[in-house]
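For the sequence shown, position 61 matches number 61 in UniProt numbering, and the numbering has no gaps at all.
Inspection log for the structure reproduced underneath, given as structure tokens.
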Amino acid sequence: MGQSRLGAIALIVPDYDDAIRFFTAAGFRLSADIDQGTKRWVTVEPPGGGCRIVLARAATPEQQATIGAQGAGRVWLFLETDDFAATAARLITAGAVFEEAPRHEPYGTVAIWRDPFGNRWDLIQPA
Numbered sequence: 001m002g003q004s005r006l007g008a009i010a011l012i013v014p015d016y017d018d019a020i021r022f023f024t025a026a027g028f029r030l031s032a033d034i035d036q037g038t039k040r041w042v043t044v045e046p047p048g049g050g051c052r053i054v055l056a057r058a059a060t061p062e063q064q065a066t067i068g069a070q071g072a073g074r075v076w077l078f079l080e081t082d083d084f085a086a087t088a089a090r091l092i093t094a095g096a097v098f099e100e101a102p103r104h105e106p107y108g109t110v111a112i113w114r115d116p117f118g119n120r121w122d123l124i125q126p127a
């Protein structure tokens, strides 16, 4: 049987270019931006690789209502780093807002932050 892996997740955003600006300023690599007529196929990848994020522009009022609410108010995205302070500084410069000071948990150093679209993330430096 073949192996499977999670290749990408979709993140609903209000505007492709605003999302590209935030993620590339935060250190992500723009891996695709393909015009498909009425929409674009836009993906970004974290600097260390891993699952890509498909930046999906909201096209209907129902989709617009989900911007920042895909996780139902919970942290639902987890960005791992090997340098918490440097990554946090880069995120803040890009426009992220941290909800708390870093705390130490058995699994590592962690803090909750929000991207400019309202999504809640954990920044984690594993123990």
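Even glycine gets a Cβ: it sits at the ideal position worked out from N, Cα and C.
Keep in mind that this is a model prediction, so the values were computed, not measured.
Taking only the alpha-carbon atoms, compute the straight-line gap between Thr43 and Glu80 and give it to the nearest angstrom. 18 Å
Can you tell me which of the three DSSP states Pro102 falls into? Coil, per DSSP.
Beta carbon of Ala69 nearer than 8 Å to that of Leu11: no
Nonlocal neighbours in the same chain, by C-beta distance under 7 Å from Tyr16, ignoring five residues either side: Arg40, Val42, Leu55 and Arg57
Taking the beta carbon of Leu30 as the centre, do at least 16 other beta carbons fall within 10 Å, making it buried, or is it exposed? exposed
Taking 7 Å as the limit between beta carbons, can you name the residues of its chain near Thr87, skipping five residues before and five after? Thr81 and Leu123
In the DSSP assignment, find the unbroken beta strand (DSSP E) run with Thr109 in it and report its ends. Gly108 to Arg114
Length of the line joining the Cα atoms of Cys51 and Glu45: 7 Å
When you compare only the Cα positions, how much space is there between Leu77 and Pro116? 14 Å
Could you give the C-beta distance for Pro102 and Phe84, rounded to a whole number, given that I count them as a contact under 8 Å? 6 Å
For Val122, which of helix, strand or coil comes out of DSSP? Note that residue 122 is Asp in the sequence shown here, rather than Val. If DSSP states are grouped into helix, strand and coil, Asp122 belongs with the strands.
Tell me the DSSP secondary structure of Thr38 in three-state form. coil
Where the alpha helix (DSSP H) containing Phe84 begins and where it ends: Where Phe84 is concerned, the enclosing alpha helix (DSSP H) stretches over Phe84 to Ala94.
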